[in-house]
Every structure is written in C-alpha cells, then in structure tokens.
Amino acid sequence: LLWDRVPFYLIQEVVWHYGAGVATKSMFSPRNEKFLWYVNDPKSYTFNLDEIRDKNVKYPHQKKNGKLKCNPLGKNPTDVWQFPKVTSGRNRSSKERTPHPAQFPLQVIDRIVKCSSNPGELVLDPFMGSGTTAIAGLNNGRKVVGFEINRRYCEIAARRVSRFLRREVQVNLFD
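Those letters in the sequence shown? Residues 4 to 178, by the numbering used here.
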C-alpha cells in the first residue's frame, strides 16, 4: 500500500459516538465513526490540550501526598467524543444542517481544528463536503483550503462559507 511507504505515525484513534444511527437486519446498528490521528513526526506535533478541555468538568487526580487536585482549566477529553449527529434525531431541524448526507457537527471538527493547529496556520480538507472544516478553521483564526469533487457539495460549502464571512463582517462593523 502507498500508505505504508509514507512516513506517517498513528498517535491515537478517536471515536465519535453520536447515539443515533441506521437500523439494519444484517449487522449491528452503527452509532459511531472513527478518526485516526496521524502525524509526520511523533516527537514533534501540535496538541493544544488546553484549547479543548471540558471546562464544565473538574476531574480530580490524586497527588503523591494523597490530596486531590483539579485542573482549573477543566478535564482532558477522553478518546470517545459524544456529540449528536446533525442529520438525524433531535438535531434534524438544526440551523447547522445542510443537504449533505454525511455532515459532521461543527463541535466535532472545531475540537479537531483547535487541538491540532494554531491560529494563522493552514488547515487542509481534501474532502470538503458541506464545508464544516472551513467554518471551524475560519472561526478559530486558521487559513483554510478545501477540495470537493461533487459540484453540489461545493455549492453547499461555498454558500455556508459565504454566509459565515458575511456574518463576521457584520459583527466586526459594530465592534
């Protein structure tokens, strides 16, 4: 495989558990997707943990002296992320939803962008779909480049990014 000849290193598998899925009689009903986090250099890569800590959970850890201590910035998220799908269940009527059948929630991609890149850096999305990565990148001060082979999805992503940029300009006019 070509992948075996390219020097990328697997850091971790992250599971997105979304709770609602397709019912089927021929296998278990899927309720998650997996993200594989690869890097070029396993000794030097970006991981901005403090940007993605769960601020609503103060996870205590025990020190050597027996006292419990909580990180004031919040808990380190686990490798299982629980966010509902945009395309089904309660979120079916979400403002975020587009006609794309496999749209990722902004919360999921926002977390990936924040922890794996720094403001001003370039975020590449070679399978742009509905433009969620572009929105997450722009919203967090990143430069964004995306590709999409499907013309309809390109139009969806372009409209989404355009709406986002117009909203940003309107907000900035009154700051």
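Built from N, CA and C at the ideal position, the CB exists for glycine as well.
Check: How many angstroms separate the CA atom of residue 121 from the CA atom of residue 52?; Outcome: 12 Å
Check: Considering only the alpha carbon of each residue, which of 12, 55, 35 lies closest to residue 48?; Outcome: 12
Check: Which residues share a DSSP beta bridge with residue 20?; Outcome: 35, 85
Check: Could you check whether residue 21 and residue 86 sit closer than 8 Å to each other, using their CB atoms as the reference points?; Outcome: yes
Check: Hey, is the stretch 35-42 in contact with the stretch 122-132, meaning 3+ C-beta pairs nearer than 8 Å?; Outcome: no
Check: Rank 26, 138, 42, 118 by C-alpha distance to the C-alpha of residue 54 and give the top, closest one.; Outcome: 118
Check: Going by other Cβ atoms of all chains shown within 10 Å of its Cβ, with 16 needed for buried, is residue 133 buried or exposed?; Outcome: buried
Check: From 109, 103, 161, 154, pick the residue whose C-alpha is nearest to that of residue 136; which is it?; Outcome: 109
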